[in-house]
Every structure is written in structure tokens, then in C-alpha cells.
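The opening residue of the sequence shown carries number 608 in my numbering; numbering runs sequentially from there.
Take a look at the structure set out below.
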Amino acid sequence: MISYFRGFDWVLLGGIAVLAAASLLSLYSLDITLFSRQVVWWSLAAIVIVGGSRLDWRGIIGQDYFRKGLYWLSVLLLVVVNLQSETIRGVKSWLAFGSLEFQPAELSKLALILLLAGFFSRRYVAAWLGKNIALSFFYAALPAALVAVQPDLGSAAVIVAIWVGFLLTSGVNKKRLLVGLVIAVLVGALLWVFFLKPYQRERVVGFLNPSSDQLGINYNVVQSKIAIGSAGLWGKGFGSGSQTQLGFLPEAGTDFLFAAFVEEWGIFGGLVVVLAFLLILYRITRIGMRAGNNDSKFIVLGLALVLAVQFFLNIGSNLGLLPITGINFPFLSYGGSSLLTLSVLVSIIQKIKIESR
């Protein structure tokens, strides 16, 4: 039994456990129903991480047809969710299976990481070739566009960041990279003009002018800043957050769970959460640096990019430093699709760590 756990990165798992505890504490304080559901999701995540860490992932994901099949399945599900799913809070992001809801955008992140990891590891020396850049861009642009029209610009930004991060670490020519960035800016301008919903433009405008419309488009950010700013060093106490418990803080279990946690557990509690997350990111990066082949290195890089970008976007919106994107805090916010997707990646990375001993 002990030998089964030999080689596990217990520091990485410890950091995840801290975030799990913080998540469940906040959800128990907020909503017993969300808490009960998240207990189930965390139980499944623990099984995936511990059980999956001993699977022969290389025999499964090492096959090119598996990676491409998973990628095209995720694209198909994104098409289906755009055509058939119900609009929730202005976004069509979920497929319903009875009482369960599944977010295909999370699967698309996993699928893209695996596909691009294989793509760039085989073309590492020739990544600067225009045809390779164009093909990799297509792989990222297709799911990003399908996610953006839901519209879920936060997840679309994460998908684009995966591609950019892989490109930057694959030896791409700087001139070609500059051309790619110019094209990305132009695409962003087109999205602003033709695809962004009015409320999304208002969020950006509200971010640039935070003192305007504090009861309208800036309401969420104002309440989040009040929750964090009024917390003090040690917080208001478990179940005693006024902004959270009285319902002033919207989406307290998802987008703004960090603010809800800080209100009750204080700046000290917030720092513990941030440090635990940074520890997770450090350990993942360390595993990537010691991985034995480029494919493994790119898979680890993909998870690090997803975690870092989502953390940056979520914390930034909670503090009013960035526009609200609707992206969650990895391992902290409520949600099963994101948690299980991250758990699969963590189990693969644990296996990479075990194999590289």
C-alpha cells in the first residue's frame, strides 16, 4: 500500500488540499447545497488524482488518434452547446445531463493542451515555420472562437494563452511572433466591434471608469472590494461576512469566492490561499523542468498556463484590477467541470513526476 504512493509530490497535493479546505469552508458558510455538491466533486477529483497517477497515461494519451479524437469531440460539444444549450446569466456554456451540468470549454482546454503538446514536441526545431504556426493557430482559434460566441471571453482568453505560451517556448522566430501578435490584436478589435455583447463592452468601460454606475455595471466589483476591504487582518469570522451572508456579493460561490473567503477569514486567510496556489504553480513548474521529454514538458506547461492565467484573471477581477471575465479561481471556486479537468491534468503530471525520478 505504501509503495503505491511512493513518488507522489506531497507538497503539490498539500497545496491543493489547502485550497480544497478553503473552498469547502466558504461554500458551507454560503450555501449548504453548493457545499454538498462540491464535496461530491472533490471526492471524485481525489479518486482521479490518486487513481490516475498510477495509470499508464502514455499508453492512452500517447496515441495521436486519441489526442485528435478528444480535440474534435470537444469542438463538437462546443458546437452543440452553442446550438442547443439554455442561456444562463447571458451565457450558453453548459450542457445538461439530468441534474448534472457539464461545461465543454473545460474539456477543450484539456484537449488543446494534449494536442498542442504532441504537435510542438514533434516540431520543436521547426516550430518557426509559417505552416506550423498557422496550423497550431487553427487548432487554438477554432475552440477559442466557439467559446467566445457563447460568449465566454474568459475561457477564450485562456485557450489563446495556451497557444501563445506553447509558441513562446518552442523556439519561434521573433519576427513571425510579432506578426502573430499584430494579427491577435486585429482579431481582438474585430471581436470588440462585432462579437462582444453590450454588457461585455460595458464591463470594460466600467473597469476603465470604476467610479461610474456603481449600482449597475460596476456593482459586482464594488461589492467585492467592499468585502475584501472590510475584512481586516483576521476577517469577520465564519458565517459572519455581511456582504456575503446578506446577498450583496453576487456569484459569491463561483467568480467571487475569493472575496467571500477573504471577508470571513481576513487578509491573512487570503494570503494563505494565494501562497498555497503559488506553491502549486511552483511544484508543477519544477516537475516540468525535470520531465524527461518535450511532450511531457509541454503538458506540464499547459497546466501551468491554465492555472496562472485563470488565477490572474480571477484575482484581478476580485480586486478591481481587471474587467470581470467570469473565469473561476482554480481549485477554489465552485464547479465540477473545471475541477475534474484540472484533476486529470494533475494525475498526468503526478505520473510524469513518478516516471522522472
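Note that CB positions come from ideal geometry on N, CA and C, so glycine has one too.
Worksheet item: With 16 as the cutoff for other CB atoms within 10 Å, does residue 765 come out buried or exposed?
Response: When all chains shown are included, residue 765 counts as buried.
Discussion item. Check this for me: beta carbons of residue 746 and residue 722, under 7 angstroms apart or not?
Written reply: Against a cut-off of 7 angstroms, the Cβ pair of residue 722 and residue 746 comes out as a contact.
Practice prompt. Could you tell me the distance, in whole angstroms, from the CA atom of residue 621 to the CA atom of residue 782?
Written response: 42 angstroms
Discussion item. In whole angstroms, give me the CA-to-CA distance for residue 612 and residue 625.
Written reply: 19 angstroms
Fill in: C-beta atoms of residue 861 and residue 940 nearer than 7 angstroms
yes
Item to complete: Please report how far the alpha carbon of residue 948 lies from the alpha carbon of residue 638, in whole angstroms.
Response: 24 angstroms
Item to complete: Check whether the Cβ of residue 682 lies closer than 6 angstroms to any heavy atom of the ligand COA, and answer yes or no.
Response: With respect to the ligand COA, the structure offers nothing, as it holds no ligand at all.
Worksheet entry | 6 angstroms Cβ shell around residue 753 - same chain, five flanking residues per side excluded | 685
Practice prompt. Please work out which residues of its chain come closer than 7 angstroms, Cβ to Cβ, to residue 847, disregarding the five sequence neighbours upstream and downstream, and give them in chain order.
Written response: These residues qualify, in order along the chain: 871.
Fill in: Alpha carbon of residue 966 to alpha carbon of residue 855, nearest angstrom
Since the first and last residues shown for the chain are 608 and 964, residue 966 lies out of range.
Item to complete: Please go through the region 656 to 691 and give each complete alpha helix (DSSP H) segment of 4 or more residues, from N-terminal end onward.
Response: 664 to 668 and 671 to 691
Worksheet item: How many Å lie between residue 918 and residue 928 at the Cα?
Response: 13 angstroms
Discussion item. Can you list, in chain order, the residues of its chain with a C-beta nearer than 7 angstroms to that of residue 629? Leave out the 5 residues immediately preceding and following it.
Written reply: 868, 880 and 939
Worksheet entry | Cutoff 7 angstroms; reference residue 672; Cβ partners in own chain excluding five residues on either side | none
Worksheet item: Given that a residue counts as buried once 16 or more other Cβ atoms are within 10 Å of its Cβ, and exposed if not, what is residue 741?
Response: exposed
Worksheet item: In terms of residues, what are the limits of the alpha helix (DSSP H) holding residue 960?
Response: 943 to 962
Practice prompt. Please list, in chain order, all residues of the same chain as residue 714 whose beta carbon is under 7 angstroms from its beta carbon, the five residues on each side excluded.
Written response: The answer, listed in chain order, is 681, 684 and 948.
Item to complete: Answer with buried or exposed for residue 654, where buried requires no fewer than 16 other C-beta atoms within 10 angstroms of its C-beta.
Response: exposed
Discussion item. In this structure, how does DSSP classify residue 843 when only helix, strand and coil are distinguished?
Written reply: Residue 843 falls in the coil class under three-state DSSP.
Fill in: Rounded separation between residue 666 and residue 774 - CA only
26 angstroms
Worksheet item: Does DSSP classify residue 747 as helix, strand or coil?
Response: helix
Worksheet item: Since residue 915 contacts residue 866 with CB under 8 angstroms, what's their CB separation in whole angstroms?
Response: Not quite, the Cβ-Cβ distance comes to about 20 angstroms (not below 8 angstroms), so this is no contact.
Worksheet item: Rounded C-beta distance between residue 678 and residue 719? I'm assuming under 8 angstroms.
Response: 7 angstroms
Discussion item. My assumption, with CB atoms under 8 angstroms, is that residue 728 sits in contact with residue 905. Please give the rounded CB distance.
Written reply: Rounded to whole angstroms, the Cβ separation of residue 728 and residue 905 is 6 angstroms, and the two are in contact under 8 angstroms.
Worksheet entry | Close Cβ partners of residue 634 (< 8 angstroms) along its chain, the five nearest in sequence each way excluded | 641, 642, 645, 860, 864 and 941
Fill in: Neighbourhood of residue 763 by C-beta distance below 6 angstroms, restricted to the same chain and skipping five residues each side
Same-chain partners within the cutoff: 751, 754 and 755.
Item to complete: Return the CA-CA distance between residue 857 and residue 627, expressed in angstroms with no decimal places.
Response: 21 angstroms
Item to complete: Mind reading off the beta-carbon distance from residue 910 to residue 922? Whole number of angstroms is fine, and I expect it under 8 angstroms.
Response: That pair is no contact at about 18 angstroms.
Worksheet item: How about residue 963 and residue 893: do their beta carbons lie closer than 7 angstroms?
Response: Going by C-beta atoms, residue 963 is not nearer than 7 angstroms to residue 893.
Discussion item. Given this structure, state the Cα-to-Cα distance separating residue 830 from residue 636, to the nearest angstrom.
Written reply: Residue 830 and residue 636 have their alpha carbons spaced roughly 18 angstroms apart.
Item to complete: Tell me whether residue 891 sits in a helix, a strand or coil according to DSSP, three-state version.
Response: Annotated three-state conformation of residue 891 is helix, per DSSP.
Worksheet item: How is residue 851 classed by DSSP in three states: helix, strand or coil?
Response: Residue 851: helix per DSSP, three-state reduction.
Worksheet entry | Backbone CA spacing between residue 617 and residue 841 [nearest angstrom] | 28 angstroms
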